[in-house]
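Single-structure report; data block below.
Numbering (the working numbering), first residue to last: 3 to 90.
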C-alpha cells in the first residue's frame, strides 16, 4: 500500500516543480513506492548517469507541502555536477 495522500505522479510533478531543470516524469525521472523499504524510490537518469534515491515518507510529505526535499536536492545537485563534469 502506498501513501493515500498522493500518488507517484503527484509526487513526481511536485519534485519537478521544485527542481524544474531535471527532466520530465516518465522520461528522466520516475517515482515508485518501494514496499520493502517503506519509502519512495526516486530514479533519475540523464544520458549514462543514474541516481536512485529513497525518499522517506516524512521527506516526501514535506515535498508535497511545498518544502524542498533537502536530501534529494543535494543528490540532484551532485548528479548535475557529475554530468556537467563529463561534458567538458
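Think of the CB as a built atom: it goes at the ideal place given N, C-alpha and C, for glycine as much as any other residue.
Quick check on residue i: buried or exposed, where buried means 16 or more other Cβ atoms within 10 Å of its Cβ?
i          : result
residue 31 : buried
residue 55 : buried
residue 34 : exposed
residue 61 : buried
residue 74 : buried
On a CA-only basis, which of the options is nearest residue i? Give me that one, please.
i          : options        : result
residue 49 : 73, 24, 42     : 24
residue 71 : 29, 35, 44, 86 : 44
residue 7  : 76, 75, 63, 79 : 63
residue 39 : 67, 58, 46, 52 : 58
residue 2  : 29, 37, 10, 51 : Summary: the structure shown does not reach residue 2, with the chain confined to residues 3 through 90, and so no result is reported for it.
Alpha carbon to alpha carbon, how far is residue j from residue i? Give it in angstroms, no decimals.
i          : j          : result
residue 18 : residue 12 : 10 Å
residue 27 : residue 14 : 6 Å
residue 85 : residue 22 : 16 Å
residue 42 : residue 87 : 28 Å
residue 81 : residue 47 : 9 Å
residue 67 : residue 79 : 21 Å
Reducing DSSP to helix, strand and coil, say where residue i ends up.
i          : result
residue 63 : helix
residue 73 : helix
residue 41 : strand
residue 47 : strand
On the premise that residue j lies in contact with residue i, defined as a C-beta separation below 8 Å, what is that separation, rounded to the nearest angstrom?
i          : j          : result
residue 65 : residue 16 : 5 Å
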